[in-house]
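Worksheet: one structure, shown below.
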Amino acid sequence: MPEPMTVSFPPAFLWGAATSAYQIEGAVREGGRTPSIWDTFSHTPGRTAGGDTGDIAVDHYHRYRDDVALMAELGLNAYRFSVSWPRVRPTGRGPAAQAGLDFYRRLVDELLSHGIKPAVTLYHWDLPQELEDAGGWPERDTALRFAEYAQLVGEALGDRVEQWITLNEPWCSAFLGYGSGVHAPGRTEPAATLRAAHHLNLAHGLATQALRSVLPAHGSIAVSLNSQVIRPLTQSPADLAAARRIDDLANGVFHGPILHGAYPATLLEATSSVTDWSYVLDGDLAAINQPLDALGLNYYTPALVSSPESAPKGPRADGHGSSTHSPWPGSEDVAFHQTPGERTAMGWTVEPGGLYDLITRYSREAPGLRLYVTENGAAYDDKPDADGRVHDPERVAYLRAHLAEVHRAIADGADVRGYYLWSLMDNFEWAYGYEKRFGAVYVDYATQERTPKSSALWYASAARTGGLPPVERV
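Under the UniProt record's numbering, the residues of the sequence shown are numbered 1 to 474, in order.
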């Protein structure tokens with residue numbers, strides 16, 4: 001017998017999907033757009049799988065109307081996308097490029113005409129290359145330029161867009177971009193990692209103020225954090241201390257100043273040999289600690305850590321790409337372990353309960369803030385059948401299990417208002433190029449043909465009914 005539908009989400013719950021500009025738009029030289037750090041990084045030999053770039057990606061810049069129509073067919077009532085900073089403010093400075101802003105105006109209008117709520121992310125990792133040439137996120141000036149850019153976009157779209165997200169996963173920007181070097185700009189400088197983290201925090205705070213100055217009163221401002229679920233290997237004091245150190249570096253470095261106006265004292269102490277934190281100037285923490293309307297949470301997999309005494313150090317299984325450089329400054333004495341269980345094509349363990357743990361943690365950490373799951377999804381080795389259909393039962397099971405945990409958190413009192421599947425469609429997966437497919441919609445990269453997978457059809461049913469249909473082949 002089919003499994004009955006047993007849960008019902010709130011009527012106003014947002015059923016969305018998410019993308020980012022560099023991963024889907026293409027058209028990297030159109031409309032006055034200048035290079036971003038990902039253009040430079042992906043065109044550097046050896047940086048991405050197969051030498052793949054986002055030059056064309058899935059050509060969303062030219063196909064956005066068809067893509068929005070597809071979203072409507074799938075029953076989505078929300079869509080989270082990012083604005084390309086170098087498309088709307090070439091080189092990161094100076095006046096706005098109206099051709100770039102016009103693209104996003106058209107996209108927003110198209111979404112609204114189909115009854116789909118736009119959620120705008122201002123920064124999803126595509127820093128203008130000229131700002132990186134001037135020092136990038138480790139420099140304070142980058143935060144100042146970001147606030148100016150935020151105001152320009154807010155002025156252009158604020159009359160039609162209610163939901164705003166300043167930064168997506170600043171941990172990746174700082175720790176993978178400047179620490180391990182597996183993301184653009186590919187630097188491996190521990191001290192620069194923490195400087196970048198601080199200036200990303202400052203950018204968030206200054207951008208929040210800039211948006212408040214131009215948005216209508218009902219505008220909602222958030223930040224999307226890939227706050228990580230850190231588990232100790234054992235309950236020994238040494239393993240608990242290791243978990244605390246990584247939790248500070250993964251989570252506290254951002255939610256401390258953003259939500260509470262201070263960096264954790266344990267973080268400052270643990271990293272004192274890496275940096276002196278002298279770049280945190282008077283007034284910075286107050287600027288960062290701006291009132292927010294909501295908080296975005298991105299979740300994929302938990303991390304398992306210990307002290308070296310609990311297990312041989314061995315290769316670091318931290319799930320953030322291969323590099324001889326650690327993305328965790330000041331944590332050289334922490335060992336990472338592969339968590340047990342089923343894995344996705346990324347090698348990430350599937351643990352739906354971690355999403356519940358993350359939501360309920362931030363329900364306590366940020367009482368009064370609306371919560372959104374702004375990214376959750378999985379990569380699998382999807383291929384069309386002989387009939388041209390793409391069956392992905394693993395992703396269907398993944399989505400249902402994780403959404404069940406979202407519902408459990410809501411039932412336990414968490415104020416979760418929406419869920420954004422990552423991703424709407426297959427796309428450029430950063431350093432993995434086009435090898436990893438996270439999309440609910442399959443993309444034939446040679447023809448750009450879009451084919452909804454079984455998971456897209458299942459998710460469409462969930463969105464239309466407000467519940468979780470049985471897991472069965474669609």
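From the three backbone atoms N, C-alpha and C, an ideal C-beta is built for every residue, glycine too. Since we're looking at a predicted model, the values are computed, not measured.
Grab the span of the alpha helix (DSSP H) containing residue i for me, first residue to last.
{"i": "R370", "result": "Premise fails: R370 lies in the beta strand (DSSP E), 370-376, not in any alpha helix (DSSP H)."}
{"i": "P190", "result": "190-214"}
{"i": "G154", "result": "140-157"}
{"i": "R364", "result": "353-365"}
{"i": "R245", "result": "237-247"}
{"i": "T275", "result": "First-last for T275: undefined, no H or E at that position."}
Which stretch, first to last residue, makes up the beta strand (DSSP E) that contains residue i?
{"i": "L225", "result": "220-225"}
{"i": "Q290", "result": "First-last for Q290: undefined, no H or E at that position."}
{"i": "H337", "result": "335-337"}
{"i": "T121", "result": "117-123"}
{"i": "G467", "result": "Looking at the DSSP string, G467 is not in any beta strand (DSSP E), and its letter there is neither H nor E."}
{"i": "G16", "result": "14-18"}
{"i": "A303", "result": "303-306"}
{"i": "R417", "result": "416-422"}
{"i": "T130", "result": "Looking at the sequence shown, residue 130 is not Thr but Glu. Counting along the chain, E130 falls outside any beta strand (DSSP E), though it belongs to the alpha helix (DSSP H) covering 129-133."}
{"i": "L268", "result": "Per DSSP, L268 belongs to no beta strand (DSSP E); it is in the alpha helix (DSSP H), 265-270."}
{"i": "L167", "result": "163-168"}
For residue i, is the classification buried or exposed, using 16 other Cβ atoms within 10 angstroms of its Cβ as the cut-off for buried?
{"i": "L122", "result": "buried"}
{"i": "E375", "result": "buried"}
{"i": "K313", "result": "Because K313 carries a pLDDT of 47, less than 50, the predicted location of this residue cannot be relied on, and no value is offered for it."}
{"i": "S326", "result": "buried"}
{"i": "S423", "result": "buried"}
{"i": "G92", "result": "buried"}
{"i": "L111", "result": "buried"}
{"i": "A411", "result": "exposed"}
{"i": "D333", "result": "exposed"}
{"i": "S272", "result": "exposed"}
{"i": "K383", "result": "exposed"}
{"i": "A378", "result": "buried"}
{"i": "R364", "result": "exposed"}
{"i": "G186", "result": "buried"}
{"i": "A386", "result": "exposed"}
{"i": "P315", "result": "Confidence at P315 is low in this model, with a pLDDT of 45, below 50, so the placement of that residue should be treated as unreliable; the coordinate-derived value is given next. So P315 ends up on the exposed side."}
{"i": "Q228", "result": "buried"}
For the putative contact between residue i and residue j, defined by C-beta atoms under 8 angstroms, what is the C-beta separation to the nearest angstrom?
{"i": "T208", "j": "T142", "result": "Wrong, their Cβ atoms sit about 16 angstroms apart, outside the cutoff."}
{"i": "G252", "j": "A286", "result": "Not quite, the Cβ-Cβ distance comes to about 18 angstroms (not below 8 angstroms), so this is no contact."}
{"i": "Y380", "j": "L403", "result": "Not a contact, Cβ separation roughly 17 angstroms."}
{"i": "L131", "j": "I221", "result": "Rounded, the Cβ-Cβ distance is 23 angstroms, inconsistent with contact."}
{"i": "W137", "j": "L200", "result": "6 angstroms"}
{"i": "A97", "j": "G32", "result": "4 angstroms"}
{"i": "L225", "j": "H255", "result": "7 angstroms"}
{"i": "V68", "j": "V120", "result": "Actually they do not touch by this definition, with Cβ atoms about 15 angstroms apart."}
{"i": "L76", "j": "A462", "result": "The pair is not a contact, with the Cβ atoms about 11 angstroms apart (cut-off 8 angstroms)."}
{"i": "F438", "j": "E449", "result": "About 18 angstroms separates the two Cβ atoms, so there is no contact after all."}
{"i": "V83", "j": "A21", "result": "6 angstroms"}
{"i": "P95", "j": "P35", "result": "The Cβ separation is near 18 angstroms, so there is no contact."}
{"i": "A446", "j": "R370", "result": "So it is not a contact: roughly 42 angstroms between Cβ atoms."}
{"i": "V441", "j": "L70", "result": "7 angstroms"}
{"i": "V350", "j": "R343", "result": "7 angstroms"}
{"i": "V58", "j": "N427", "result": "5 angstroms"}
Starting from the C-beta of residue i, find all residues in its chain whose C-beta is less than 6 angstroms away, skip the five residues before and the five after it, and write them out in chain order.
{"i": "G154", "result": "L211, V214, L215"}
{"i": "W171", "result": "N226"}
{"i": "A150", "result": "L122, A207, A210, L211"}
{"i": "T19", "result": "F81, S423, L424"}
{"i": "P452", "result": "V441"}
{"i": "F175", "result": "T193, P327"}
Can you find the residues in the same chain that come closer than 7 angstroms, C-beta to C-beta, to residue i, ignoring five residues on each side of it along the sequence?
{"i": "W277", "result": "L268"}
{"i": "V28", "result": "D39, G54, D55"}
{"i": "P190", "result": "G179, V274, P329"}
{"i": "S331", "result": "R245, I246, L249"}
{"i": "E405", "result": "P352, G353, L355, Y356"}
{"i": "T266", "result": "R244, D248"}
What does a CB cutoff of less than 8 angstroms around residue i pick up in its chain, not counting 5 residues either side in sequence?
{"i": "residue 500", "result": "No answer is possible for residue 500: the residues shown for the chain start at 1 and end at 474."}
{"i": "P45", "result": "G51"}
{"i": "D159", "result": "P216"}
Runs of beta strand (DSSP E) wholly within the segment 3-84 (minimum 3 residues, chain order): Annotation note: the segment 3-84 contains the following uninterrupted beta strand (DSSP E) runs of length 3 or greater, listed N- to C-terminal: 14-18, 78-82.
Within the segment 378-463, ranges of the beta strand (DSSP E) (whole runs, at least 3 residues): 416-422, 441-444, 449-452
Ranges of the alpha helix (DSSP H) found wholly within the segment 85-112, counting only runs of at least 4: List check, alpha helix (DSSP H) in window: 85-88.
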